[in-house]
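Asker: So that we are looking at the same thing, I have put the structure below in structure tokens.
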Amino acid sequence: MSRGFKVLLVSTLLMASGCGTINTVLRPDAVASQNLKESRSHCENVPRIYSGVIYGFCTLNGEPAPDKSLKDQSLLDHQGNAFPIIAIEFVASGVMDTLMLPYTIYRQNKDGSIEIFR
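With our numbering as the guide, the letters of the sequence shown map in order to residues 54 to 171.
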């Protein structure tokens with residue numbers, strides 16, 4: 054494998070796993086706002102700088118869905134194994150946010166934070 058292909062593969066994997074960054078930086082503000090609204094997040098806005106990591110925290114800071122309970126089979130199947138996925142998501146979003154930092158600083162100064170409309 055050539056070095057260029059490896060770099061492309063790693064960057065593609067990071068882009069795919071840093072979905073908080075994708076939702077806040079590469080997609081319209083309405084997408085992030087709607088997703089956080091649907092997750093019943095308590096966040097009122099998301100700053101554009103390191104927005105992928107903040108988006109992840111805001112998603113975790115949401116109310117549980119009313120149709121889910123602790124006895125729900127889909128929750129029991131995970132048996133506490135969600136932590137590595139969440140940790141990988143935060144690390145990937147942090148890396149992607151760092152790479153996007155010049156652009157997000159510009160957008161924060163120009164447009165301000167992403168507002169979550171209820």
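Just so you know, even glycine gets a beta-carbon here, dropped at the ideal spot from N, CA and C.
Is T77 near I139, with beta carbons less than 8 Å apart?
Answerer: no
Asker: Taking the beta carbon of E116 as the centre, do at least 16 other beta carbons fall within 10 Å, making it buried, or is it exposed?
Answerer: exposed
Asker: Within 10 angstroms of the Cβ of G105, are there 16 or more other Cβ atoms? Answer buried if so, exposed if not.
Answerer: buried
Asker: With 16 other CB atoms within 10 Å as the buried threshold, where does Y103 fall?
Answerer: buried
Asker: Of the residues K90, Y159, T74 and N114, which one's Cα is nearest the Cα of S146?
Answerer: T74
Asker: Could you spell out where the alpha helix (DSSP H) holding E91 opens and where it closes?
Answerer: D82 to E91
Asker: For I138, name the three-state secondary structure that DSSP assigns.
Answerer: helix
Asker: Here's a check: name, in chain order, each residue in its chain whose Cβ is nearer than 7 Å to the Cβ of C96, leaving out the five neighbours to either side.
Answerer: L89, C111, N114 and I169
Asker: So the alpha helix (DSSP H) C111 belongs to, where does it begin and stop?
Answerer: S104 to L113
Asker: Can you list, in chain order, the residues of its chain whose CB lies under 6 Å from that of C72, leaving out five sequence neighbours each side?
Answerer: Spatial neighbours of C72 in its own chain (CB-CB distance under 6 Å, excluding positions within 5 residues in sequence) are not present.
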